[in-house]
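Asks: Numbering (UniProt numbering), first residue to last: 1 to 701.
Glycine included, C-beta positions come from ideal geometry on N, C-alpha and C.
Would you mind keeping the following structure in view while I ask a few things?
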């Protein structure tokens with residue numbers, strides 16, 4: 001039964017869902033094997049066939065999968081091992097290509113050497129999720145764990161390049177080593193440059209859209225899904241370079257998100273979840289297609305009188321053993337070299353090396369590439385032994401999955417399930433539960449603090465010249481909440497609050513200098529100067545009292561300060577209501593604005609001085625104080641501006657943005673296992689209460 005494209009996609013998606021349901025009952029069986037079995041049953045009992053085209057198959061599956069690998073690359077953790085990782089990802093793949101290719105050609109002389117090399121190259125890359133799950137369950141040393149995990153994330157590119165050369169040599173019948181080396185450097189370097197430039201352009205474009213207020217989540221998510229396809233096609237068709245290298249580099253660069261993009265928590269979470277879904281579906285489809293194509297590959301191999309089925313099965317086992325041996329020997333040598341450089345006498349364990357070799361589970365990339373083999377070569381002749389290659393490739397992939405599932409519990413009994421990249425979409429909740437069970441939660445207060453900081457970041461990304469006062473007003477509100485969270489229940493002032501008070505004293509001193517400057521320039525009257533000198537003196541004394549006395553006295557002083565400022569604001573507002581041109585009103589507004597500006601400039605200057613580092617005042621406290629001064633400036637500007645409803649509307653809209661950011665932050669913490677379900681529910685209830693309060697205030701207005 002021939003399946004059309006649309007029906008085929010719908011069928012495959014449904015089968016991915018079905019295989020996922022089955023995997024919840026067969027927890028010890030890799031989901032990739034379940035998907036292969038489901039596809040095989042579909043082909044055998046329902047005679048389902050899905051037409052495959054090698055060109056679109058490569059674009060549809062390889063480009064997004066490799067791009068996602070680049071985005072997922074753990075740069076900070078693995079940067080120290082960049083040398084060994086690159087050696088494993090490039091040198092190991094090429095060693096496996098030549099050694100495995102020669103071995104394969106020796107086993108099966110009817111296959112051209114170039115084809116054998118191409119086959120070995122594409123069998124070298126490993127499934128990163130399977131590698132990591134095996135490595136962690138086996139409790140490999142950190143060095144080996146990071147090495148195999150990092151290598152598995154980028155070895156697809158080097159394996160696909162070797163595969164491409166082998167296939168091209170087979171199709172054209174011509175292979176020049178010198179030209180191949182030069183061409184390799186060209187396609188690699190140009191591909192990397194294309195990927196870097198296009199990723200930069202996409203990121204710059206998204207930043208410009210966000211800066212102009214175009215923050216539609218669906219729009220930016222769709223753009224992120226288009227990136228790998230545009231990058232791959234541009235590199236391959238436009239520059240005849242490596243689209244594989246281009247998408248990997250673009251993915252690595254894309255993970256370094258611009259500030260404005262990372263400041264949108266909802267956008268970040270939706271994009272990540274969408275990509276997890278896409279990768280999950282693509283991997284599942286590849287293994288389902290593998291199961292559907294198995295009868296074709298096996299049938300042609302079995303019915304071909306020139307192919308001995310038992311010999312083909314023996315070649316599958318021999319190739320798998322060869323690949324395991326190459327990885328095990330390479331890992332043992334790398335561990336031995338690491339011990340020698342670290343001046344350690346302990347010799348590496350062969351068990352560790354064997355487990356590392358066993359971790360080399362072949363995955364979706366290998367099968368996607370094998371499916372992309374052309375049907376014919378130059379002159380219209382059939383591609384040599386294509387059916388047999390599909391048979392052996394499928395056999396190696398299945399055998400690597402089966403042997404890992406069987407041998408892992410024997411060689412390394414322990415907790416944890418064996419996973420492949422196709423099952424990665426299901427790990428979020430289980431990882432969250434495991435993290436919570438292992439005591440990795442951060443507590444309710446820290447979670448609250450995190451949600452507030454995320455909201456502040458989201459508000460900063462929305463700040464424009466016309467809404468600055470509204471943004472700063474809400475940020476000041478969040479800063480007050482953070483200060484309350486940082487203040488302990490005891491009587492002593494917390495260290496962070498002490499930093500803020502010391503910095504506020506510096507700010508008052510800078511205000512006094514600005515006031516003296518206004519007086520010397522004859523810009524203010526004597527009464528205004530004397531009044532503000534007294535106010536600044538009293539504020540500095542109050543801040544000093546807060547630092548030296550206990551918290552109860554600080555609270556009393558704080559109430560006095562608030563009362564004093566309320567009196568000043570009341571007097572100014574009364575003058576404003578009577579006559580906005582009142583001399584006291586205009587001059588006092590001018591003075592307060594200039595003092596706040598002087599404080600900001602002075603604090604910025606003082607914090608850059610070498611001696612300031614000895615004060616150990618954190619950037620967070622500096623940001624808090626400067627933001628308070630900016631909020632004062634925005635408020636003073638509004639007092640002299642005509643009254644309208646724009647400010648109230650801006651505050652209401654921005655509060656919704658902040659609440660959405662808080663809600664996304666809670667979900668992010670919960671999915672990462674940093675808060676318990678009860679804490680997540682409590683945080684969401686607080687956000688819902690704040691949202692209802694904001695809506696009721698809107699109705700009252």
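What residues in its chain sit with their C-beta under 7 Å from that of residue 624, if we drop five residues either side in the sequence?
Replies: The answer, listed in chain order, is 479, 500.
Asks: For residue 325 and residue 685, I'd like the C-alpha separation in whole angstroms.
Replies: Taking the straight line from one Cα to the other gives about 56 Å.
Asks: Nearest to residue 647 by alpha carbon, out of 218, 387, 469?
Replies: Cα-wise, what sits closest to residue 647 is 469.
Asks: Does the beta-carbon of residue 251 have 16 or more other beta-carbons within 10 angstroms, so that it is buried, or is it exposed?
Replies: When all chains shown are included, residue 251 counts as buried.
Asks: Tell me residue 451's beta-bridge partners as DSSP assigns them.
Replies: In the DSSP output, where bridge partners are listed per residue, residue 451 has none listed.
Asks: Quick one: residues in its chain with C-beta nearer than 6 Å to the C-beta of residue 661, no 5 flanking neighbours on either side, listed in chain order?
Replies: Counting only Cβ-Cβ distances below 6 Å, and skipping sequence neighbours, we find 265, 454, 455, 458.
Asks: Less than 7 Å between C-beta atoms, sequence neighbours within five positions excluded: which residues of the same chain meet that for residue 63?
Replies: Within the same chain, residue 63 has close Cβ partners 228, 229, 232, 243, 247.
Asks: Work out the CA separation of residue 48 and residue 371 for me, nearest whole Å.
Replies: Distance between the alpha carbons of residue 371 and residue 48: 17 Å.
Asks: Looking only at C-alpha atoms, which of 213, 188, 451, 276 sits nearest to residue 747?
Replies: Residue 747 lies beyond the residue range present for the chain, which begins at 1 and ends at 701; the question has no answer from this structure.
Asks: Ignoring anything shorter than 4 residues or poking outside the segment 5 to 49, list the alpha helix (DSSP H) runs there in chain order.
Replies: The qualifying runs are 5 to 23, 31 to 46.
Asks: Counting along the chain, where does the alpha helix (DSSP H) carrying residue 68 start and finish?
Replies: Residues 63 to 71.
Asks: If you count every other CB in all the chains shown that lies within 10 Å of the CB of residue 314, and 16 or more means buried, which is it?
Replies: Exposed, by the Cβ-count rule.
Asks: Just the C-alpha distance for residue 361 and residue 33, rounded to the nearest angstrom, thanks.
Replies: Rounded to the nearest angstrom, the two C-alpha atoms are 12 Å apart.
Asks: Which of the three DSSP states is assigned to residue 657 in this structure?
Replies: In the structure shown, residue 657 sits in a helix (DSSP, three-state: H, G or I).
Asks: Which residues does DSSP pair with residue 382 in a beta bridge?
Replies: Partner(s): 376.
Asks: Between residue 445 and residue 669, how many whole angstroms is the CB-CB distance? I'm expecting something under 8 Å.
Replies: Contact flag wrong, Cβ pair sits at about 13 Å.
Asks: Assign residue 610 to one of two classes, buried (16 or more other C-beta atoms within 10 Å of its C-beta) or exposed (fewer than that).
Replies: Under this definition residue 610 is an exposed residue.
Asks: Check residue 652 in the structure and name its three-state DSSP category.
Replies: Three-state result, residue 652: helix.
Asks: Mind checking residue 23: buried by the 16 CB within 10 Å criterion, or exposed?
Replies: So residue 23 counts as buried.
Asks: Can you say whether residue 200 is buried or exposed, counting buried as having 16 or more other CB atoms within 10 angstroms of its CB?
Replies: Exposed, since its Cβ has fewer than 16 Cβ neighbours within 10 Å.
Asks: Go ahead and pull the three-state DSSP assignment for residue 203.
Replies: Residue 203 falls in the helix class under three-state DSSP.
Asks: I need the DSSP call for residue 105, collapsed to helix, strand or coil.
Replies: Note: residue 105 maps to helix in three-state DSSP.
Asks: For residue 171, tell me which candidate among 631, 379, 337, 637 has the shortest Cα-Cα distance.
Replies: Selected option, being the one with the closest Cα: 379.
Asks: So for residue 523, helix, strand or coil by DSSP?
Replies: It is coil, neither helix nor strand.
Asks: Using three-state DSSP, classify residue 191 as helix, strand or coil.
Replies: Residue 191: helix per DSSP, three-state reduction.
Asks: Quick check on residue 239: does DSSP put it in helix, strand or coil?
Replies: Three-state result, residue 239: coil.
Asks: Note down the Cα distance separating residue 308 from residue 394, rounded to an integer number of angstroms.
Replies: Those two C-alpha atoms are separated by around 17 Å.
Asks: Buried or exposed for residue 164, going by 16 or more other Cβ atoms inside 10 Å?
Replies: Answer is buried; the Cβ neighbour count reaches 16.
Asks: Does the beta-carbon of residue 69 have 16 or more other beta-carbons within 10 angstroms, so that it is buried, or is it exposed?
Replies: Under this definition residue 69 is a buried residue.
Asks: For residue 517, I'd like the list of residues in its chain whose CB is within less than 8 Å of its CB, leaving aside the five on either flank, ordered along the chain.
Replies: Hits under 8 Å: 598.
Asks: If we count the other Cβ atoms within 10 Å of its Cβ and call it buried at 16 or more, is residue 382 buried or exposed?
Replies: By the 10 Å Cβ count, residue 382 comes out exposed.
Asks: Anyone know if the C-beta pair for residue 235 and residue 191 falls short of 8 Å?
Replies: Result yes, Cβ atoms of residue 235 and residue 191 sit closer than 8 Å.
Asks: Can you tell me whether DSSP reads residue 424 as helix, strand or coil?
Replies: Below a pLDDT of 50, predicted positions are generally treated as unreliable, and residue 424, at 49, falls in that range; the measurement from the model is reported next regardless. Three-state result, residue 424: helix.
Asks: With a threshold of 6 Å on Cβ separation, who are the neighbours of residue 438 within its own chain once the five nearest residues in sequence on each side are excluded?
Replies: Low per-residue confidence applies at residue 438: pLDDT is 47, beneath 50, and the placement is therefore not dependable enough to give any value.
Asks: Does the Cβ of residue 504 have 16 or more other Cβ atoms within 10 Å, making it buried, or fewer, making it exposed?
Replies: The residue is buried, with at least 16 neighbouring Cβ atoms inside 10 Å.
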